[in-house]
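Colleague:
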Amino acid sequence: MTATPVVPILIVDDNPAKRMALRSILEPLAYSIVEAGSGRDALRCVMAHEFAVILMDVAMPGMDGFETVAAIRQRRQSQVTPIIFITAHAKDEIVKYDLYAEDAVDFIFAPVPPGELQAKVSVFANLFIKAEELAVSARERVKASADQLRLLTDAAPVGIFQTDAQNRYVYTNPRWSEITGIPAGEAEGRQWDMIVASDQRAGVDPQLAPDSADRAELSHRFKLDRPGLHPVIVVATSRSVPDNKGGTAGWVGTLADVTAEAGAEAAMAEARDAATEASRLKSDFLANMSHEIRTPMNGVIGMTDLLLETPLDARQRDYAMTVRNSGEALLTIIDHILDFSKVEAGHLEIEDVEFDLRGNVETVVDLLVRSAHAKGVEMVLAIEDVPTIVCGDPGRVRQVLLNLIGNAIKFTQAGEIVVRVASTVSGGDVVVRFEVSDTGDGMGAETLKTVFQPFVQADNSTSRKYGGTGLGLAICSQLAELMGGDCGASSQLGKGSKFWFTISVRADPSQTALSPDPDLANV
Numbered sequence: 000m001t002a003t004p005v006v007p008i009l010i011v012d013d014n015p016a017k018r019m020a021l022r023s024i025l026e027p028l029a030y031s032i033v034e035a036g037s038g039r040d041a042l043r044c045v046m047a048h049e050f051a052v053i054l055m056d057v058a059m060p061g062m063d064g065f066e067t068v069a070a071i072r073q074r075r076q077s078q079v080t081p082i083i084f085i086t087a088h089a090k091d092e093i094v095k096y097d098l099y100a101e102d103a104v105d106f107i108f109a110p111v112p113p114g115e116l117q118a119k120v121s122v123f124a125n126l127f128i129k130a131e132e133l134a135v136s137a138r139e140r141v142k143a144s145a146d147q148l149r150l151l152t153d154a155a156p157v158g159i160f161q162t163d164a165q166n167r168y169v170y171t172n173p174r175w176s177e178i179t180g181i182p183a184g185e186a187e188g189r190q191w192d193m194i195v196a197s198d199q200r201a202g203v204d205p206q207l208a209p210d211s212a213d214r215a216e217l218s219h220r221f222k223l224d225r226p227g228l229h230p231v232i233v234v235a236t237s238r239s240v241p242d243n244k245g246g247t248a249g250w251v252g253t254l255a256d257v258t259a260e261a262g263a264e265a266a267m268a269e270a271r272d273a274a275t276e277a278s279r280l281k282s283d284f285l286a287n288m289s290h291e292i293r294t295p296m297n298g299v300i301g302m303t304d305l306l307l308e309t310p311l312d313a314r315q316r317d318y319a320m321t322v323r324n325s326g327e328a329l330l331t332i333i334d335h336i337l338d339f340s341k342v343e344a345g346h347l348e349i350e351d352v353e354f355d356l357r358g359n360v361e362t363v364v365d366l367l368v369r370s371a372h373a374k375g376v377e378m379v380l381a382i383e384d385v386p387t388i389v390c391g392d393p394g395r396v397r398q399v400l401l402n403l404i405g406n407a408i409k410f411t412q413a414g415e416i417v418v419r420v421a422s423t424v425s426g427g428d429v430v431v432r433f434e435v436s437d438t439g440d441g442m443g444a445e446t447l448k449t450v451f452q453p454f455v456q457a458d459n460s461t462s463r464k465y466g467g468t469g470l471g472l473a474i475c476s477q478l479a480e481l482m483g484g485d486c487g488a489s490s491q492l493g494k495g496s497k498f499w500f501t502i503s504v505r506a507d508p509s510q511t512a513l514s515p516d517p518d519l520a521n522v
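Using numbering that gives the first Met the number 0, you'd call the opening residue of the sequence shown number 0 and step up by one each time.
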C-alpha cells in the first residue's frame, strides 16, 4: 500500500508570534510546516521545496507579500502553487489591492478564524495529495514500462542501439556487445561508425551526414571490425528520433549478424555461375558433337542410298537397308538430344511466321501414312474448322506431330490411328488442339504419370524392342509450352492411347478451312 505523501505548508510572516499562532492552528492536521521570516527567506524555501499551499503575510519589511508572490510566480514550478494572503487590513482597504490580480488564490482577515484556515488549507492539501499520488502512479507505470522494455531489449536476438544527434552511442543491448565484441560501457559516447571496418567507412559516413537527417530510415550492410575476433558481416538498420524543433534528436536501430547468410548467398552465386557455365559448356559440346557426328553419318547414309541403287542380291540389300535405317535412327537420337539441351538451357527459339496450318498437318500425315499401311494400320485425318493461315512455328508443329504419330505407328500392330485437329478462340488468340489416337499397346496409370519426363520409357523391354532415347515426349511437352500451349495423354493398357497438344497462334478469323478432302478422310 502506498504511503500518504507528506504535505508541506509554508508560513511567511515577519512576526514570530503570528507564525507560531498559525502553526498551532494547523498542527492538528499533521502537515509538515516550514516557516519563513521574510520575503527573501520565502524565496529560498520555494527554490528548495514544493509546497501544497503558502500562507503569505501582506505587510512585511523589505519585500512585502505582493512582491514576494510576484517573485515566486517567476519560478515555473511554482506558477500554480496555491497562495493565501493573511492580512489585518480592513476589507474595504484590501479591495483596492485586487489580491486576485496579484495571483492570490484567497485571503483571510486577521484575527484568523481557526476553522476557516483549517478548512481552506485542507482543500489545497487534499489536492496536493491527489496530485502526488497521481504523479507517483505515473512514475511507477513509466518505471514498469522501462523495466519491461529493458527486459525485451536485453533478450532480443538482434543488437539494439541508440545514438544522440551527433551519432554517439547512448545505449546498446547485450546482443549488440556479443556481435561487436565491445562491452556496453566502452561504446557510450563514441561515434556510431566505430564498428565499421576502416576500408568501408567511406561508403557509410556520407549517409550519416547532417543532410541525411531528413531520411526517416537508413540501412547499411558492411564488414564489422571486432577487436581480437574475426570480422563479421552485419546489417544496421536505424530510424531517426525527431526532436521538438523538427530536427533529429538521434537514432534508434538494430544490428544483425548476417555472416552466415552472406556466405550462403556467395556460395549460391558461385554455384549459379558454375551451373550457368556448365550448361553453356554442355550446350557447346552437344552442338559440336552433333555437327561432328552428323557429317560422317550423312556420308554413310548418302553412300548407302547410292549402294541401294546398284544391283544387289537379297542379303546384300537387307544389310544395306539395315545400315541406312540405323544411320537415320542415330541422326534422330542426335536431334532429340540437341533439342532437349537447347530447351533445358533456354536457347531454343520459337519462330513467329505465317504458314498454312492445314497443309502443314497434311504434309506430316503424307510422310508417315506409308509406314502405317506397311504394318496394316489404317490412318484417319479429321480436320475441323480451323484457320487456314496462322502465325507460329511450322517446323516445331511438324516436329511434335511427327513424334506423336511416329510413336502411334511404332506401338500399334493393328487397327487404326486417328489424327484430329480443332480450334477455339481464347482472348483474341486461336488455340489449336492436335490429337493422335491409336489402338496400340496402351499404358498403365503409373507409366502414364511419367511418360513426359526425360529419359523415361514404359519399361526396359520397350527400349530393347523399339529403341529410342526416352526424350521425344519430353521435348514435345516443352515445345508445346514454348508455343503457348500444353501437352497431355490418356491411355489404357492393351486398348490404345490418345496423345494431344495445344498451341496458341494468331490468325484471321475469316480464314477457316473447308471440310476435309475425301481423299484424306481415310488415308
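Using N, Cα and C, we set each Cβ at its ideal position, and we do this for glycine too.
Just so it is clear, the structure is predicted and the values come from calculations on it, not from any experiment.
CB-CB under 7 Å to Met442, same chain, minus the five flanking residues each way: which ones, in chain order?
Modeller: Excluding sequence neighbours, Met442 sits near Val450, Ala457, Ser490, Leu492, Ser496.
Colleague: With C-beta atoms as the reference, is Gly180 less than 7 Å away from Leu228?
Modeller: Contact flag set, yes.
Colleague: For the alpha helix (DSSP H) holding Phe50, just list the boundary residues, first then last.
Modeller: Taken as a continuous stretch (DSSP letters only), Phe50 belongs to no alpha helix (DSSP H), as it is neither H nor E.
Colleague: I believe Val363 touches Ile333 by the beta-carbon criterion, under 8 Å. Please report the beta-carbon distance rounded to the nearest angstrom.
Modeller: Going by Cβ atoms, the distance from Val363 to Ile333 rounds to 21 Å, so no, they are not a contact pair.
Colleague: Buried or exposed, going by whether 16 or more other CB atoms sit within 10 Å of the CB of Ala479?
Modeller: Buried: at least 16 other Cβ atoms inside 10 Å.
Colleague: Select from Pro453, Asn359, Ser136 the residue whose C-alpha is nearest the C-alpha of Asp392.
Modeller: It is Asn359 whose Cα lies nearest to the Cα of Asp392.
Colleague: With a Cβ-Cβ cutoff of 7 Å, do Asn172 and Gln190 count as a contact?
Modeller: For Asn172 and Gln190, no; Cβs fall outside 7 Å.
Colleague: Can the beta-carbon of Ile349 be found closer than 7 Å to that of Leu481?
Modeller: Yes, they are a contact pair.
Colleague: Comparing alpha-carbon positions, which option in Pro230, Trp175, Tyr170, Ala143 lies nearest Gly158?
Modeller: Answer by Cα proximity: Trp175.
Colleague: Looking at Phe127: is its Cβ nearer than 7 Å to the Cβ of Val6?
Modeller: Cβ atoms of Phe127 and Val6: closer than 7 Å.
Colleague: For Gly36, name the three-state secondary structure that DSSP assigns.
Modeller: Gly36: coil per DSSP, three-state reduction.
Colleague: Cβ atoms of Ala371 and Arg419: under 7 Å apart, would you say?
Modeller: No, Cβ-Cβ distance for Arg419 and Ala371 is not below 7 Å.
Colleague: Can you look up Tyr318 in the DSSP assignment and give me helix, strand or coil?
Modeller: Note: Tyr318 maps to helix in three-state DSSP.
Colleague: Looking at the secondary structure, which residues open and close the beta strand (DSSP E) in which Arg220 lies?
Modeller: Segment 216-223, the beta strand (DSSP E) holding Arg220.
Colleague: Is Glu377 near Ala421, with beta carbons less than 7 Å apart?
Modeller: Going by C-beta atoms, Glu377 is not nearer than 7 Å to Ala421.
Colleague: With the cut-off set at 7 Å, would you say Ala41 and Val79 are in Cβ contact?
Modeller: Cβ atoms of Ala41 and Val79: not closer than 7 Å.
Colleague: Could you name each continuous beta strand (DSSP E) segment of 3 residues or more that falls completely within the region 379-450, going from the start of the chain to the end?
Modeller: Complete beta strand (DSSP E) runs here, min 3: 388-391, 414-425, 428-437.
Colleague: Around the C-beta of Asp56, are 16 or more other C-beta atoms found within 10 angstroms, so that it is buried, or is it exposed?
Modeller: Buried, since its Cβ has 16 or more Cβ neighbours within 10 Å.
Colleague: Which of the three DSSP states is assigned to Glu377 in this structure?
Modeller: Strand, per DSSP.
Colleague: Are the CB atoms of Asp63 and Ser538 within a distance shorter than 7 Å?
Modeller: Since the displayed the chain opens at 0 and closes at 522, residue 538 lies outside it and no answer follows.
Colleague: Measure the alpha-carbon distance for Val234 versus Trp250 and round it to whole angstroms.
Modeller: So the two alpha carbons sit approximately 15 Å from each other.
Colleague: Pull up the CB-CB distance for Ser476 and Val430, whole angstroms please, since I reckon it's below 8 Å.
Modeller: About 17 Å; that fails the 8 Å criterion.
Colleague: Can you grab the Cα-Cα spacing for the pair Pro310 / Thr321, in whole Å?
Modeller: Using only the alpha carbons, I get a separation of about 17 Å.
Colleague: What does the Cβ neighbour count give for Pro241, buried or exposed, with the cut at 16 atoms within 10 Å?
Modeller: When all chains shown are included, Pro241 counts as exposed.
Colleague: Using a Cβ-Cβ cut-off of 6 Å (strictly less than) and excluding sequence neighbours within five positions of Val141, which residues of its own chain qualify?
Modeller: The answer is none, since no qualifying residue turns up.
Colleague: Looking at C-alpha atoms only, which residue of Ala35, Leu148, Thr275, Leu54 is the closest neighbour of Val104?
Modeller: Ranking the options by Cα distance to Val104, first place goes to Leu54.
Colleague: Just list the alpha helix (DSSP H) runs in the region 269-308, keeping only unbroken ones of 4 residues or longer that don't cross its boundaries, in chain order.
Modeller: Those alpha helix (DSSP H) runs which fall completely within the region 269-308 and span 4+ residues do not exist here.
Colleague: By DSSP, does Gln78 sit in helix, in strand, or in coil?
Modeller: Residue state, collapsed to three classes: coil.
Colleague: Among the residues of its own chain, which have a CB less than 8 Å from the CB of Asp224, if the five just before and after it don't count?
Modeller: Result list for Asp224: Ile194, Val195, Ala196, Ser197, Pro230, in chain order.
Colleague: Compute the beta-carbon to beta-carbon distance between Val435 and Ala407, rounded to the nearest angstrom, for a pair I have assumed lies under 8 Å.
Modeller: Indeed they touch by this definition, with Cβ atoms about 5 Å apart.
Colleague: Need the endpoints of the beta strand (DSSP E) that Val231 sits in, please.
Modeller: Start and end: 231-241.
Colleague: Taking the C-alpha atoms as reference points, what is the distance between Ile71 and Ser77?
Modeller: Each residue's alpha carbon lies about 6 Å from the other.
Colleague: Quick one: Cα of Phe106 to Cα of Thr86, how far?
Modeller: Taking the straight line joining both Cα atoms gives about 8 Å.
Colleague: Taking Thr3 as the reference, which of Ser23, Tyr30, Leu25, Met19 has the closest Cα?
Modeller: It is Tyr30.
Colleague: If you run the structure through DSSP and keep just helix, strand and coil, what is Val111?
Modeller: Three-state DSSP puts Val111 in coil, outside helix and strand.
Colleague: With distances taken Cα to Cα, identify the nearest neighbour of Gln117 among Gly61, Glu26, Asp355.
Modeller: Among Gly61, Glu26, Asp355, the Cα nearest to that of Gln117 is on Glu26.
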